[in-house]
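Residue numbers (the numbering used here): 143 to 565. Note that the Cβ used here is the ideal one computed from N, Cα and C, for glycine as well. Computed from a prediction, not measured in an experiment: that's the story for all the values here. The structure under discussion appears below in the form of structure tokens.
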């Protein structure tokens, strides 16, 4: 009787592939949305306005009907994955199912909001998503530059924090956003320099070193904040801000125009860096050498690539990018406060993994996490029945679910985190 049992187990193991497990989970979420969200939604219209206010053009749907309809679509997508769609269709079907689940949830929340607040201004949502995603984009790009070179960058949090602090301090002292921007880049590069020296030269464990550097950045910036900025904020913590730049014609595109083409320098630089780094990484000699150093440094060395020198340069460049990302806080939005990054560096690291170590993938992952953060803010503003503590957890829960769902599905560069000792 043992042989049939083994055969059955083999068949079951073969059927329950990871894609089918994802399909089963999505199917369950779809049923939950159709039943629970449909029951909790009201018969009032859920309005998704194409402006920044309640007025103007809008997409409307009955709350109950919308919650049930989108729940059914999510259920159908999960059923398709469970049945076994071709691999080339997997991402599309999964994306449709997840979007339908979110829309079902929003139909419930928007229709159940108090009178006068039962609308979602799409311009504000899109703009807020990009603003909140920007530090993640810069941080994830810093991770791409390091880890494609074979160096694990857990110090993104510290690089962002040092960039934010340096930008605020020197921008205030010189009353110049440009001096603050340069100082932020240098601040991020300083943390990267320490990472490069200890990880590449002295072969210190890169993950441990990254954690230590994060603590170092928190300590230095916290100490100087208390000694300087708290005692004289006008002199040390009042940096000027970059103003928004409008792009003619493009700014008038519905929803996307006001959100993307009326932004500040950091928005345009972040999107441009994604394009430049992607093209450089996959279309240039530097990119080929970087990827070879991250995958097989010994082979790269035999072909004349200076492995250690290239790693040093790329890690320092990553620090510059992350430092500029940190400045997007203090030279565009806020004054500096202690530990103001608040874990965004680790979410950027998750975006790097979720985006499969690709600049464009990291951008999409950062936008996903930025949307989760913006959604939590929006739900709090409309008086959602969901507890505020849970709303505050939403971006971090999205991070955990995204990364946990990818365990075993993504592969880091082969030499990532492995010191290279030239023979």
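- Here DSSP, grouped into helix, strand and coil, assigns residue 190 to strand.
- Within the same chain, Cβ atoms closer than 7 angstroms to the Cβ of residue 169 are found at 217, 220, 221 and 224, the five residues on either side in sequence being excluded.
- Proximity to residue 303 across 233, 490, 446 and 320 peaks at 490, based on C-alpha coordinates.
- Annotation note: the region 511-565 contains the following uninterrupted alpha helix (DSSP H) runs of length 4 or greater, listed N- to C-terminal: 530-546.
- Between residue 166 and residue 247, the gap from beta carbon to beta carbon reaches 8 angstroms or more.
- Between residue 293 and residue 349, the beta carbon gap of about 11 angstroms keeps them out of contact (Cβ cut-off 8 angstroms).
- Going by C-alpha positions, residue 538 is about 43 angstroms away from residue 446.
- Between residue 381 and residue 400, the alpha-carbon positions lie close to 26 angstroms from each other.
- The three-state reading of DSSP puts residue 263 in strand, counting E and B together.
- Below 8 angstroms, too few C-beta pairs join the region 370-389 and the region 237-253 to call them touching: fewer than three.
- Residue 202 has 189 as its beta-bridge partners, per DSSP.
- Between the region 497-504 and the region 410-421 there are three or more inter-stretch CB-CB distances shorter than 8 angstroms, so the stretches are counted as touching.
- Taking C-beta atoms under 8 angstroms as the contact rule, residue 327 and residue 483 fail to qualify, at a distance of about 16 angstroms.
- The Cβ atoms of residue 397 and residue 265 sit closer than 8 angstroms to each other.
- Here the region 526-534 does not lie against the region 314-328, with fewer than 3 beta-carbon pairs under 8 angstroms apart.
- Inclusion of residue 283 and residue 463 in the CB contact set at 8 angstroms is warranted, their separation being smaller than that value.
- Pairing residue 181 with residue 260 gives a Cβ-Cβ distance that is not under 8 angstroms.
- DSSP places residue 257 in the coil class of the three-state scheme, outside both helix and strand.
- In the pairwise beta carbon analysis, the region 263-282 is classified as touching the region 506-521: at least three pairs are separated by under 8 angstroms.
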